[in-house]
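To start, the structure under review is shown below, and the notes come after it.
Numbering (this note's numbering), first residue to last: 3 to 411.
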(Lines of atoms letter the chains of each structure in order from A and count residues from 1; the text may use other names and numbers.)
(Lines give C-alpha, C1' and ligand atoms only; values in the text may rest on other atoms or scores of the structure.)
Protein backbone atom coordinates (compact mmCIF):
# COMPACT_ATOMS: atom_id res chain seq x y z
CA UNK A 1 0.00 0.00 0.00
CA UNK A 2 2.65 2.51 -1.06
CA UNK A 3 5.62 1.16 0.87
CA UNK A 4 9.18 0.60 -0.37
CA UNK A 5 11.26 -2.46 0.54
CA UNK A 6 14.78 -1.23 -0.27
CA UNK A 7 15.67 2.35 -1.22
CA UNK A 8 19.18 3.57 -2.09
CA UNK A 9 20.27 7.01 -3.22
CA UNK A 10 23.83 6.79 -4.52
CA UNK A 11 26.10 5.44 -7.23
CA UNK A 12 27.47 1.91 -7.66
CA UNK A 13 24.94 0.28 -5.35
CA UNK A 14 24.38 -3.50 -5.42
CA UNK A 15 21.19 -5.19 -4.22
CA UNK A 16 20.88 -8.99 -4.05
CA UNK A 17 17.30 -10.22 -3.71
CA UNK A 18 17.72 -13.95 -3.08
CA UNK A 19 14.24 -14.53 -1.75
CA UNK A 20 10.90 -14.05 -3.46
CA UNK A 21 9.66 -10.46 -3.83
CA UNK A 22 5.94 -9.60 -3.84
CA UNK A 23 4.83 -6.03 -4.55
CA UNK A 24 1.17 -4.97 -4.61
CA UNK A 25 -0.55 -1.60 -4.87
CA UNK A 26 -0.05 1.86 -6.36
CA UNK A 27 3.15 3.50 -5.12
CA UNK A 28 4.56 0.25 -3.73
CA UNK A 29 8.14 -0.61 -4.79
CA UNK A 30 10.30 -3.61 -3.99
CA UNK A 31 13.73 -2.16 -4.76
CA UNK A 32 14.26 1.53 -5.59
CA UNK A 33 17.64 3.02 -6.50
CA UNK A 34 18.63 6.51 -7.66
CA UNK A 35 22.20 6.46 -8.93
CA UNK A 36 24.52 5.40 -11.72
CA UNK A 37 26.22 2.03 -12.27
CA UNK A 38 23.86 0.12 -10.00
CA UNK A 39 23.37 -3.67 -9.99
CA UNK A 40 20.30 -5.62 -8.90
CA UNK A 41 20.44 -9.42 -8.75
CA UNK A 42 16.91 -10.84 -8.51
CA UNK A 43 17.46 -14.55 -7.84
CA UNK A 44 14.06 -15.07 -6.26
CA UNK A 45 10.78 -14.72 -8.12
CA UNK A 46 9.27 -11.27 -8.62
CA UNK A 47 5.48 -10.88 -8.33
CA UNK A 48 4.01 -7.43 -9.03
CA UNK A 49 0.34 -6.37 -9.08
CA UNK A 50 -2.04 -3.52 -8.37
CA UNK A 51 0.13 -0.85 -9.99
CA UNK A 52 3.30 -1.49 -8.01
CA UNK A 53 6.91 -1.55 -9.23
CA UNK A 54 9.19 -4.50 -8.57
CA UNK A 55 12.54 -2.87 -9.34
CA UNK A 56 12.76 0.90 -10.02
CA UNK A 57 16.09 2.45 -11.03
CA UNK A 58 16.87 6.03 -12.05
CA UNK A 59 20.39 6.41 -13.42
CA UNK A 60 22.72 5.43 -16.23
CA UNK A 61 24.49 2.10 -16.81
CA UNK A 62 22.18 0.06 -14.59
CA UNK A 63 22.25 -3.75 -14.70
CA UNK A 64 19.45 -6.07 -13.59
CA UNK A 65 19.95 -9.84 -13.55
CA UNK A 66 16.56 -11.45 -13.05
CA UNK A 67 17.03 -15.19 -12.70
CA UNK A 68 13.88 -15.94 -10.74
CA UNK A 69 11.33 -15.00 -13.36
CA UNK A 70 8.47 -12.60 -12.84
CA UNK A 71 4.71 -12.30 -12.89
CA UNK A 72 3.24 -8.85 -13.51
CA UNK A 73 -0.45 -8.05 -13.65
CA UNK A 74 -2.79 -5.03 -13.64
CA UNK A 75 -2.48 -1.54 -15.20
CA UNK A 76 0.57 0.54 -14.15
CA UNK A 77 2.28 -2.51 -12.68
CA UNK A 78 5.91 -2.79 -13.84
CA UNK A 79 8.31 -5.59 -13.01
CA UNK A 80 11.55 -3.77 -13.88
CA UNK A 81 11.63 -0.01 -14.57
CA UNK A 82 14.81 1.83 -15.54
CA UNK A 83 15.07 5.52 -16.42
CA UNK A 84 18.55 6.05 -17.84
CA UNK A 85 20.92 5.30 -20.69
CA UNK A 86 22.95 2.14 -21.33
CA UNK A 87 20.77 -0.11 -19.20
CA UNK A 88 21.18 -3.90 -19.34
CA UNK A 89 18.40 -6.27 -18.25
CA UNK A 90 18.82 -10.05 -18.26
CA UNK A 91 15.57 -11.95 -17.80
CA UNK A 92 16.73 -15.55 -17.44
CA UNK A 93 13.51 -16.83 -15.93
CA UNK A 94 10.08 -17.00 -17.51
CA UNK A 95 7.92 -13.86 -17.62
CA UNK A 96 4.11 -13.81 -17.42
CA UNK A 97 2.53 -10.42 -18.09
CA UNK A 98 -1.24 -9.86 -18.05
CA UNK A 99 -4.16 -7.49 -17.53
CA UNK A 100 -2.31 -4.32 -18.52
CA UNK A 101 0.99 -4.89 -16.76
CA UNK A 102 4.51 -4.35 -18.13
CA UNK A 103 7.38 -6.76 -17.58
CA UNK A 104 10.45 -4.65 -18.38
CA UNK A 105 10.35 -0.92 -19.20
CA UNK A 106 13.45 1.10 -20.09
CA UNK A 107 13.38 4.81 -20.86
CA UNK A 108 16.77 5.72 -22.29
CA UNK A 109 19.17 5.23 -25.17
CA UNK A 110 21.37 2.19 -25.86
CA UNK A 111 19.33 -0.19 -23.74
CA UNK A 112 19.85 -3.96 -23.99
CA UNK A 113 17.27 -6.49 -22.83
CA UNK A 114 18.04 -10.20 -22.97
CA UNK A 115 14.96 -12.38 -22.55
CA UNK A 116 16.43 -15.86 -22.20
CA UNK A 117 13.32 -17.34 -20.64
CA UNK A 118 9.89 -17.69 -22.19
CA UNK A 119 7.64 -14.62 -22.30
CA UNK A 120 3.84 -14.81 -22.16
CA UNK A 121 1.81 -11.62 -22.62
CA UNK A 122 -1.99 -11.52 -22.46
CA UNK A 123 -4.52 -8.70 -22.44
CA UNK A 124 -4.99 -5.15 -23.72
CA UNK A 125 -2.27 -2.80 -22.49
CA UNK A 126 0.00 -5.65 -21.42
CA UNK A 127 3.62 -5.48 -22.65
CA UNK A 128 6.50 -7.87 -22.18
CA UNK A 129 9.41 -5.55 -22.96
CA UNK A 130 8.99 -1.80 -23.57
CA UNK A 131 11.82 0.56 -24.53
CA UNK A 132 11.69 4.28 -25.31
CA UNK A 133 15.05 5.33 -26.73
CA UNK A 134 17.42 5.03 -29.65
CA UNK A 135 19.80 2.14 -30.43
CA UNK A 136 17.82 -0.35 -28.36
CA UNK A 137 18.63 -4.07 -28.54
CA UNK A 138 16.31 -6.90 -27.52
CA UNK A 139 17.45 -10.52 -27.69
CA UNK A 140 14.45 -12.84 -27.36
CA UNK A 141 15.99 -16.30 -26.98
CA UNK A 142 12.98 -17.75 -25.22
CA UNK A 143 9.60 -18.21 -26.88
CA UNK A 144 7.23 -15.24 -27.17
CA UNK A 145 3.50 -15.88 -26.77
CA UNK A 146 1.15 -12.90 -27.17
CA UNK A 147 -2.67 -12.84 -27.01
CA UNK A 148 -5.67 -10.74 -26.05
CA UNK A 149 -4.34 -7.50 -27.55
CA UNK A 150 -1.02 -7.43 -25.74
CA UNK A 151 2.42 -6.47 -27.11
CA UNK A 152 5.42 -8.75 -26.76
CA UNK A 153 8.18 -6.25 -27.53
CA UNK A 154 7.41 -2.53 -27.96
CA UNK A 155 10.19 -0.10 -28.94
CA UNK A 156 9.92 3.62 -29.70
CA UNK A 157 13.15 4.99 -31.14
CA UNK A 158 15.50 4.84 -34.10
CA UNK A 159 18.05 2.14 -34.96
CA UNK A 160 16.43 -0.58 -32.86
CA UNK A 161 17.47 -4.22 -33.24
CA UNK A 162 15.42 -7.25 -32.22
CA UNK A 163 16.87 -10.76 -32.47
CA UNK A 164 14.04 -13.23 -31.94
CA UNK A 165 15.48 -16.74 -31.83
CA UNK A 166 12.78 -18.39 -29.76
CA UNK A 167 9.93 -18.06 -32.24
CA UNK A 168 6.58 -16.49 -31.48
CA UNK A 169 2.88 -17.17 -31.39
CA UNK A 170 0.54 -14.19 -31.74
CA UNK A 171 -3.23 -14.39 -31.69
CA UNK A 172 -6.26 -12.08 -31.39
CA UNK A 173 -6.93 -8.53 -32.70
CA UNK A 174 -4.49 -5.80 -31.59
CA UNK A 175 -1.97 -8.40 -30.43
CA UNK A 176 1.54 -7.64 -31.75
CA UNK A 177 4.61 -9.76 -31.22
CA UNK A 178 7.22 -7.11 -32.08
CA UNK A 179 6.30 -3.42 -32.51
CA UNK A 180 8.85 -0.76 -33.45
CA UNK A 181 8.11 2.92 -34.04
CA UNK A 182 11.26 4.43 -35.52
CA UNK A 183 13.58 4.51 -38.51
CA UNK A 184 16.33 2.03 -39.43
CA UNK A 185 14.91 -0.84 -37.42
CA UNK A 186 16.28 -4.37 -37.83
CA UNK A 187 14.27 -7.45 -36.85
CA UNK A 188 15.64 -10.98 -37.12
CA UNK A 189 13.01 -13.68 -36.67
CA UNK A 190 15.07 -16.86 -36.58
CA UNK A 191 12.40 -19.03 -35.00
CA UNK A 192 9.04 -20.03 -36.44
CA UNK A 193 6.17 -17.52 -36.31
CA UNK A 194 2.49 -18.49 -36.00
CA UNK A 195 0.04 -15.61 -36.38
CA UNK A 196 -3.73 -16.06 -36.17
CA UNK A 197 -7.14 -14.56 -35.39
CA UNK A 198 -6.23 -10.97 -36.23
CA UNK A 199 -2.81 -10.77 -34.63
CA UNK A 200 0.36 -9.24 -36.09
CA UNK A 201 3.78 -10.84 -35.82
CA UNK A 202 6.16 -7.96 -36.58
CA UNK A 203 5.06 -4.35 -37.12
CA UNK A 204 7.47 -1.52 -37.96
CA UNK A 205 6.43 2.09 -38.45
CA UNK A 206 9.40 3.93 -39.92
CA UNK A 207 11.70 4.25 -42.92
CA UNK A 208 14.57 1.94 -43.90
CA UNK A 209 13.33 -1.02 -41.90
CA UNK A 210 14.80 -4.49 -42.45
CA UNK A 211 13.01 -7.67 -41.38
CA UNK A 212 14.68 -11.05 -41.81
CA UNK A 213 12.29 -13.99 -41.42
CA UNK A 214 14.59 -17.00 -41.34
CA UNK A 215 12.08 -19.36 -39.77
CA UNK A 216 8.74 -20.57 -41.08
CA UNK A 217 5.87 -18.05 -41.01
CA UNK A 218 2.25 -19.22 -40.76
CA UNK A 219 -0.55 -16.66 -40.98
CA UNK A 220 -4.23 -17.56 -40.68
CA UNK A 221 -7.42 -15.52 -40.38
CA UNK A 222 -8.86 -12.16 -41.38
CA UNK A 223 -6.78 -9.26 -40.07
CA UNK A 224 -3.79 -11.47 -39.31
CA UNK A 225 -0.43 -10.29 -40.66
CA UNK A 226 3.00 -11.87 -40.44
CA UNK A 227 5.17 -8.81 -41.17
CA UNK A 228 3.73 -5.30 -41.49
CA UNK A 229 5.80 -2.22 -42.37
CA UNK A 230 4.69 1.38 -42.88
CA UNK A 231 7.61 3.33 -44.30
CA UNK A 232 9.81 3.86 -47.33
CA UNK A 233 12.82 1.77 -48.41
CA UNK A 234 11.70 -1.28 -46.44
CA UNK A 235 13.41 -4.64 -46.95
CA UNK A 236 11.95 -8.03 -46.05
CA UNK A 237 13.99 -11.20 -46.51
CA UNK A 238 11.72 -14.25 -46.25
CA UNK A 239 14.13 -17.19 -46.14
CA UNK A 240 11.70 -19.48 -44.35
CA UNK A 241 8.49 -20.72 -45.94
CA UNK A 242 5.40 -18.48 -45.91
CA UNK A 243 1.99 -20.10 -45.42
CA UNK A 244 -1.07 -17.81 -45.59
CA UNK A 245 -4.75 -18.76 -45.30
CA UNK A 246 -8.15 -17.59 -44.09
CA UNK A 247 -7.79 -14.05 -45.44
CA UNK A 248 -4.52 -13.20 -43.73
CA UNK A 249 -1.55 -11.29 -45.15
CA UNK A 250 1.96 -12.72 -45.04
CA UNK A 251 3.95 -9.55 -45.74
CA UNK A 252 2.20 -6.16 -45.88
CA UNK A 253 4.19 -3.03 -46.76
CA UNK A 254 2.94 0.53 -47.24
CA UNK A 255 5.60 2.80 -48.67
CA UNK A 256 7.76 3.45 -51.71
CA UNK A 257 10.87 1.56 -52.85
CA UNK A 258 10.12 -1.61 -50.89
CA UNK A 259 12.06 -4.80 -51.60
CA UNK A 260 10.94 -8.33 -50.73
CA UNK A 261 13.24 -11.31 -51.28
CA UNK A 262 11.19 -14.47 -50.86
CA UNK A 263 13.53 -17.44 -51.01
CA UNK A 264 11.48 -19.83 -48.91
CA UNK A 265 8.51 -20.12 -51.25
CA UNK A 266 4.90 -19.58 -50.25
CA UNK A 267 1.53 -21.23 -50.10
CA UNK A 268 -1.51 -18.95 -50.22
CA UNK A 269 -5.09 -20.13 -50.05
CA UNK A 270 -8.62 -18.74 -49.50
CA UNK A 271 -10.26 -15.43 -50.54
CA UNK A 272 -8.56 -12.23 -49.33
CA UNK A 273 -5.39 -14.13 -48.45
CA UNK A 274 -2.29 -12.40 -49.84
CA UNK A 275 1.26 -13.66 -49.55
CA UNK A 276 3.03 -10.37 -50.33
CA UNK A 277 1.14 -7.04 -50.46
CA UNK A 278 2.86 -3.76 -51.27
CA UNK A 279 1.13 -0.38 -51.54
CA UNK A 280 3.69 2.01 -53.00
CA UNK A 281 5.76 2.88 -56.04
CA UNK A 282 9.03 1.30 -57.21
CA UNK A 283 8.48 -1.98 -55.40
CA UNK A 284 10.68 -4.99 -56.15
CA UNK A 285 9.60 -8.55 -55.32
CA UNK A 286 11.86 -11.54 -55.92
CA UNK A 287 10.08 -14.87 -55.60
CA UNK A 288 12.94 -17.36 -55.77
CA UNK A 289 11.06 -20.22 -54.14
CA UNK A 290 8.04 -22.07 -55.47
CA UNK A 291 4.59 -20.50 -55.06
CA UNK A 292 1.30 -22.38 -54.77
CA UNK A 293 -1.82 -20.20 -54.93
CA UNK A 294 -5.33 -21.64 -54.64
CA UNK A 295 -8.97 -21.15 -53.64
CA UNK A 296 -9.09 -17.42 -54.34
CA UNK A 297 -5.78 -16.41 -52.81
CA UNK A 298 -3.19 -14.02 -54.26
CA UNK A 299 0.54 -14.64 -54.22
CA UNK A 300 2.01 -11.19 -54.86
CA UNK A 301 -0.07 -8.00 -55.09
CA UNK A 302 1.47 -4.59 -55.80
CA UNK A 303 -0.51 -1.36 -55.96
CA UNK A 304 1.79 1.30 -57.39
CA UNK A 305 3.79 2.43 -60.40
CA UNK A 306 7.17 1.12 -61.58
CA UNK A 307 6.77 -2.25 -59.87
CA UNK A 308 9.02 -5.21 -60.70
CA UNK A 309 8.19 -8.83 -59.87
CA UNK A 310 10.77 -11.53 -60.58
CA UNK A 311 9.25 -15.00 -60.33
CA UNK A 312 12.25 -17.30 -60.53
CA UNK A 313 10.60 -20.27 -58.88
CA UNK A 314 7.70 -22.37 -60.11
CA UNK A 315 4.24 -20.80 -59.78
CA UNK A 316 1.08 -22.89 -59.56
CA UNK A 317 -2.28 -21.09 -59.60
CA UNK A 318 -5.51 -23.03 -59.21
CA UNK A 319 -9.11 -21.96 -58.72
CA UNK A 320 -11.42 -19.10 -59.57
CA UNK A 321 -10.17 -15.69 -58.39
CA UNK A 322 -6.74 -17.12 -57.56
CA UNK A 323 -3.87 -14.97 -58.88
CA UNK A 324 -0.14 -15.56 -58.92
CA UNK A 325 1.09 -12.00 -59.49
CA UNK A 326 -1.25 -8.99 -59.53
CA UNK A 327 -0.10 -5.43 -60.22
CA UNK A 328 -2.20 -2.26 -60.37
CA UNK A 329 -0.02 0.53 -61.72
CA UNK A 330 1.85 1.84 -64.72
CA UNK A 331 5.24 0.67 -66.01
CA UNK A 332 4.97 -2.72 -64.34
CA UNK A 333 7.53 -5.41 -65.15
CA UNK A 334 7.06 -9.12 -64.50
CA UNK A 335 9.83 -11.60 -65.28
CA UNK A 336 8.40 -15.12 -65.13
CA UNK A 337 11.56 -17.25 -65.36
CA UNK A 338 10.06 -20.18 -63.47
CA UNK A 339 7.23 -22.26 -64.90
CA UNK A 340 3.70 -20.91 -64.65
CA UNK A 341 0.88 -23.43 -64.31
CA UNK A 342 -2.66 -22.00 -64.20
CA UNK A 343 -5.90 -23.98 -63.90
CA UNK A 344 -9.45 -23.85 -62.57
CA UNK A 345 -10.15 -20.28 -63.66
CA UNK A 346 -7.14 -18.68 -62.02
CA UNK A 347 -4.88 -15.93 -63.38
CA UNK A 348 -1.13 -16.36 -63.55
CA UNK A 349 -0.15 -12.72 -64.09
CA UNK A 350 -2.74 -9.93 -63.91
CA UNK A 351 -1.69 -6.33 -64.60
CA UNK A 352 -3.89 -3.24 -64.70
CA UNK A 353 -2.01 -0.21 -65.98
CA UNK A 354 -0.20 1.28 -68.95
CA UNK A 355 3.23 0.38 -70.34
CA UNK A 356 3.39 -3.06 -68.75
CA UNK A 357 6.09 -5.57 -69.71
CA UNK A 358 5.89 -9.32 -69.13
CA UNK A 359 8.73 -11.71 -69.96
CA UNK A 360 7.15 -15.14 -69.73
CA UNK A 361 9.25 -18.28 -70.13
CA UNK A 362 6.47 -20.88 -69.96
CA UNK A 363 2.71 -20.74 -69.46
CA UNK A 364 0.35 -23.69 -69.21
CA UNK A 365 -3.45 -23.57 -69.27
CA UNK A 366 -6.05 -21.12 -67.88
CA UNK A 367 -5.29 -17.46 -68.49
CA UNK A 368 -1.54 -17.23 -68.39
CA UNK A 369 -1.05 -13.48 -68.76
CA UNK A 370 -3.75 -10.81 -68.56
CA UNK A 371 -2.99 -7.11 -69.06
CA UNK A 372 -5.55 -4.30 -68.93
CA UNK A 373 -3.94 -1.11 -70.21
CA UNK A 374 -2.32 0.64 -73.15
CA UNK A 375 1.15 0.07 -74.61
CA UNK A 376 1.63 -3.34 -73.03
CA UNK A 377 4.47 -5.64 -74.06
CA UNK A 378 4.35 -9.39 -73.46
CA UNK A 379 7.33 -11.55 -74.41
CA UNK A 380 6.48 -15.26 -74.49
CA UNK A 381 9.92 -16.79 -74.94
CA UNK A 382 9.09 -20.31 -73.88
CA UNK A 383 6.55 -22.85 -75.00
CA UNK A 384 2.91 -21.84 -74.47
CA UNK A 385 0.30 -24.58 -74.18
CA UNK A 386 -3.36 -23.61 -74.23
CA UNK A 387 -5.95 -26.34 -73.80
CA UNK A 388 -9.70 -26.29 -73.21
CA UNK A 389 -12.75 -24.13 -73.71
CA UNK A 390 -12.12 -20.55 -72.52
CA UNK A 391 -8.40 -21.04 -72.01
CA UNK A 392 -6.24 -18.09 -73.07
CA UNK A 393 -2.48 -17.86 -73.26
CA UNK A 394 -2.11 -14.08 -73.41
CA UNK A 395 -5.02 -11.63 -73.09
CA UNK A 396 -4.61 -7.85 -73.49
CA UNK A 397 -7.27 -5.14 -73.32
CA UNK A 398 -5.73 -1.87 -74.51
CA UNK A 399 -4.21 0.08 -77.36
CA UNK A 400 -0.76 -0.28 -78.95
CA UNK A 401 -0.12 -3.71 -77.45
CA UNK A 402 2.87 -5.82 -78.50
CA UNK A 403 3.15 -9.59 -78.08
CA UNK A 404 6.42 -11.27 -79.03
CA UNK A 405 5.74 -15.01 -79.32
CA UNK A 406 9.27 -16.37 -79.68
CA UNK A 407 8.43 -19.72 -78.18
CA UNK A 408 6.10 -22.32 -79.66
CA UNK A 409 2.34 -21.93 -79.25
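Heads up, the beta-carbon is just placed ideally off N, CA and C, and yes, glycines get one too.
This one's a predicted model, so the numbers in the text were calculated from it and none came from an experiment.
For residue i, the residue or residues it bridges with in DSSP
i	result
residue 26	51
residue 145	Residue 145 pairs with nothing; no bridge assigned.
residue 328	303 and 352
residue 224	DSSP output for residue 224 lists no bridge partner at all.
residue 183	158 and 207
residue 345	320
residue 212	188 and 237
residue 294	269 and 318
residue 288	263 and 312
residue 67	43 and 92
residue 165	141 and 190
residue 281	256 and 305
DSSP state of residue i mapped onto helix, strand, coil
i	result
residue 31	strand
residue 132	strand
residue 230	strand
residue 16	strand
residue 198	strand
residue 387	Any reading at residue 387 needs caution, since the residue's pLDDT is 49, under 50, leaving its predicted position unreliable; the model's value is listed next. DSSP places residue 387 in strand when its eight states are reduced to three.
residue 156	strand
residue 368	Low per-residue confidence applies at residue 368: pLDDT is 46, beneath 50, and the placement is therefore not dependable enough to give any value.
residue 309	coil
residue 9	strand
residue 3	coil
residue 40	coil
residue 62	coil
residue 243	coil
residue 56	strand
residue 373	With a pLDDT of only 48 at residue 373, under 50, the local geometry of the prediction cannot be trusted, and the value read off the model is given with reservation. If DSSP states are grouped into helix, strand and coil, residue 373 belongs with the strands.
residue 401	coil
Buried versus exposed call for residue i [16 or more other C-beta atoms within 10 Å across all chains shown]
i	result
residue 16	exposed
residue 401	exposed
residue 5	exposed
residue 14	exposed
residue 3	exposed
residue 322	exposed
residue 21	exposed
residue 107	buried
residue 412	This structure cannot settle anything about residue 412, because the visible part of the chain is limited to 3 through 411.
residue 373	Reliability fails at residue 373, whose pLDDT of 48 lies under 50, so the model's placement of it is uncertain and no value is given.
residue 9	exposed
residue 12	exposed
residue 29	exposed
residue 313	buried
residue 288	buried
residue 332	buried
residue 68	buried
residue 136	buried
residue 195	buried
residue 18	exposed
Which full runs of the beta strand (DSSP E) of 3+ residues lie inside the stretch 253-279, going along the chain? DSSP runs (the beta strand (DSSP E)) wholly in the stretch 253-279: 261-264 and 268-271.
Beta strand (DSSP E) runs contained entirely in the stretch 74-137, provided each spans 3 or more residues: For the beta strand (DSSP E) assignment, the uninterrupted runs of no fewer than 3 residues enclosed by the stretch 74-137 are, from N- to C-terminal side, 80-85, 90-93, 97-100, 104-109, 114-117, 121-124 and 129-134.
Validate contact between the stretch 64-78 and the stretch 100-107 using beta carbons, cut 8 Å, 3 pairs: The stretch 64-78 is in contact with the stretch 100-107.
Is the stretch 199-214 touching the stretch 261-273 in the sense that three or more CB pairs, one from each, lie closer than 8 Å? Contact between the stretch 261-273 and the stretch 199-214 is absent, with fewer than three C-beta pairs closer than 8 Å.
Would the stretch 140-147 and the stretch 181-190 be scored as touching if the rule is three or more Cβ pairs under 8 Å? Short answer: they don't touch.
Are at least three pairs of beta-carbons, each pair with one atom in the stretch 311-320 and one in the stretch 293-300, less than 8 Å apart? Between the stretch 311-320 and the stretch 293-300, the count of Cβ pairs shorter than 8 Å is three or higher; the stretches touch.
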